[in-house]
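Take any residue in the sequence shown, count from 1 to its spot, add 865: that is its number in the numbering used here. Idealized CB from N, CA, C, for every residue including glycine. Since this is a predicted model, take the numbers as computed values, not measurements.
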Amino acid sequence: MSKGPGLFADIGKKAKDLLTRDYNTDQKFSISTYSASGVALTSTALKKGGVHAADVTSQYKYKNAVFDVKIDTDSTILTTVTFTEILPSTKAIASFKVPDNSSGKLEIQYFHDHATVTAAAALKQNPLIDITATLGTPVISFGAEAGYDTSSKTFTKYNAGISVTKPDACASIILGDKGDSIKASYLHHLDESKRSAAVGEVYRKFSTNENTITVGGLYAIDHTTTVKAKLNNNGKLGALLQHEVVPKSLVTVSSEIDTKALDKHPRFGLSLVLKP
């Protein structure tokens, strides 16, 4: 694939990941194994509140195709097939669920040095259609997305964004919710190895005059241990400690505290991911 501006979903993604990725208040256990034939199996158990869930995912790569099959405790089977380079600089992703016959979806992604275009549609009589386009370079890009419901002949969404990315920093502005909200974020790496960073995000909802300001940071204690923290203007404080027990195997402990209601018990989460 070409080194172009990236997908519309990539705008603001680095800042979002630092503020949200690996934060959880649930208990999760995941273990992966790989067979000699190239099949990867991942088993996951999750406890969320008083609800328990589990799933098994298998992945198989063959030439320019990747097959993913996920089976959960509700007897739902999700199959995703990804084809790369069927046509130059093009990726196709097809997915469907069983027994939900109306869940089929097809997405086409086209990558160019100065543009990226995606189109996705549900495989049914009156599909939902999503289209995104991003123009620019890996340094600066402009993008937009729109969703259209062919049954009601109405737009389900239309958003736009801009992103500026440099080796040590990235900034983005996204106009979302059909123009009813705006989100600006900035992430700055504090060292050349990108093992520590600071991030800030401002979100405003115009219809409700709601403002949310979130700041956060990441610091690598050593090459196996990382700490993260975040705080917003509503008093929600989150923190996590992530340690690489062995290569690719991570244990993550996270917590969330409402600093405006210290009489409430903090919420804790634990995640263990084991990979060979």
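Asked, Found
"Could you spell out where the beta strand (DSSP E) holding residue 919 opens and where it closes?", "916-927"
"Three or more C-beta pairs closer than 8 Å, one from the region 911-927 and one from the region 886-893: is that the case here?", "yes"
"Starting from residue 879 and walking both ways along the alpha helix (DSSP H), at which residues does that stretch end?", "878-885"
"Go ahead and label residue 963 buried or exposed: buried means 16 or more other beta carbons lie within 10 angstroms of its beta carbon, across all protein chains shown.", "exposed"
"Taking only the alpha-carbon atoms, compute the straight-line gap between residue 1003 and residue 1077 and give it to the nearest angstrom.", "29 Å"
"When the Cα atoms are used, what is the spatial distance from residue 1079 to residue 928?", "43 Å"
"Do residue 1103 and residue 1119 count as a contact pair if the criterion is CB distance below 8 Å?", "yes"
"Would you report the Cα separation of residue 1143 and residue 985, rounded to the nearest angstrom?", "Since the first and last residues shown for the chain are 866 and 1141, residue 1143 lies out of range."
"Closest by CA to residue 1088, which one among 1108, 1098, 980, 999?", "1108"
"Give me the Cα-Cα distance between residue 1011 and residue 901, rounded to the nearest whole angstrom.", "43 Å"
"State the DSSP-derived secondary structure class of residue 961, mapped to helix, strand or coil.", "strand"
"In angstroms with no decimal places, state the Cα-to-Cα distance between residue 1129 and residue 1097.", "18 Å"
"Which residues does DSSP list as the beta-bridge partners of residue 1024?", "1010"
"Could you check the C-alpha separation between residue 1050 and residue 1041 for me, to the nearest Å?", "14 Å"
"Less than 6 Å between C-beta atoms, sequence neighbours within five positions excluded: which residues of the same chain meet that for residue 938?", "918, 919"
"Between which two residues does the beta strand (DSSP E) harbouring residue 896 extend?", "892-899"
"Quick check: what's the CA-CA separation for residue 1131 versus residue 1105?", "13 Å"
"Rounded to the nearest angstrom, what separates residue 884 and residue 1065 at their Cα positions?", "9 Å"
"Verify whether the separation of the beta carbon atoms of residue 877 and residue 1028 is less than 8 Å.", "yes"
"Quick one, which of 1082, 1037, 1048 has its alpha-carbon nearest residue 1059's?", "1082"
"Between 1138, 1137, 1095, 1053, which has its C-alpha nearest residue 1123's C-alpha?", "1095"
"Residue 874 bridges to which residues according to DSSP?", "Residue 874 pairs with nothing; no bridge assigned."
"Taking the alpha carbon of residue 944 as the reference point, which residue from 971, 955, 954 has its own alpha carbon closest?", "971"
"Using the three-state DSSP reduction, which class does residue 1045 fall into: helix, strand or coil?", "coil"
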